[in-house]
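Only one structure is covered here, and it is reproduced in the block below.
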Amino acid sequence: MFFIPQRSTRPSIITGYHAAINPKALKLNVLVYAFVRLNQNSASAARQFEQHVEKLTHVLECSVISGSYDYLLKIIAHDLESYEQFVKHQLGNLSCIANIESTVVFIKRQLRWPV
Numbered sequence: 021m022f023f024i025p026q027r028s029t030r031p032s033i034i035t036g037y038h039a040a041i042n043p044k045a046l047k048l049n050v051l052v053y054a055f056v057r058l059n060q061n062s063a064s065a066a067r068q069f070e071q072h073v074e075k076l077t078h079v080l081e082c083s084v085i086s087g088s089y090d091y092l093l094k095i096i097a098h099d100l101e102s103y104e105q106f107v108k109h110q111l112g113n114l115s116c117i118a119n120i121e122s123t124v125v126f127i128k129r130q131l132r133w134p135v
């Protein structure tokens, strides 16, 4: 069974189409999820952080989360050394960040939406 795109009667279901990029072809071999805690729970700290993250090309996704951390970032890098440099010089130099915890993805399995 395959899906043929058609005009939907519920246009909010399909919001667009995209090309699937092969990160390895661009030598982007490391995928990291970074948990970020801000040093204060304020609108100005959140705004400062979000505006900074929007400019970072290595950040693929930025989610506000509940629990011990405030944000979850999905980050791609060429290798672990370039990720380390990214954290030290681009992400971690923000004064509003209290802590960054990184989790490196070893294997990524692509799953589908249940529709």
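Quick note: the sequence shown uses the numbering used here, first residue 21, plus one each step. We put the CB at the ideal spot given by N, CA and C, even for glycine.
DSSP-derived helix/strand/coil call for residue i
| i | result |
| --- | --- |
| Ser102 | helix |
| Phe142 | Any property of residue 142 remains undetermined from this structure, which presents the chain solely from 21 to 135. |
| Arg57 | strand |
| Leu76 | coil |
| Leu92 | strand |
| Ser32 | coil |
| Leu46 | helix |
| Ala63 | helix |
| Leu143 | Because the chain here runs from 21 to 135, residue 143 falls outside it and cannot be looked at. |
| Leu111 | helix |
| Ile41 | coil |
Contact under 8 Å by Cβ, residue i with residue j
| i | j | result |
| --- | --- | --- |
| His72 | Leu114 | yes |
| Phe69 | Leu58 | yes |
Per-residue burial, residue i [other beta carbons within 10 Å of its own, 16 or more giving buried]
| i | result |
| --- | --- |
| Val56 | buried |
| Asp99 | exposed |
| Ala54 | buried |
| His78 | buried |
| Leu46 | exposed |
Rounded straight-line distance, which links the Cα of residue j to that of residue i
| i | j | result |
| --- | --- | --- |
| Ala66 | Gln60 | 9 Å |
| His38 | Leu76 | 21 Å |
| Val125 | Gly36 | 27 Å |
| Val84 | Ala118 | 16 Å |
| Ser32 | Trp133 | 15 Å |
| Ala40 | Glu74 | 21 Å |
| Ala63 | Ile127 | 36 Å |
| Ile34 | Leu93 | 24 Å |
| Glu101 | Cys82 | 22 Å |
Integer-rounded CB distance, given that residue j should sit under 8 Å from residue i
| i | j | result |
| --- | --- | --- |
| Ile95 | Pro43 | The Cβ separation is near 12 Å, so there is no contact. |
| Ser122 | Val50 | Their Cβ separation, rounded to whole angstroms, is 10 Å, which puts Ser122 and Val50 out of contact at 8 Å. |
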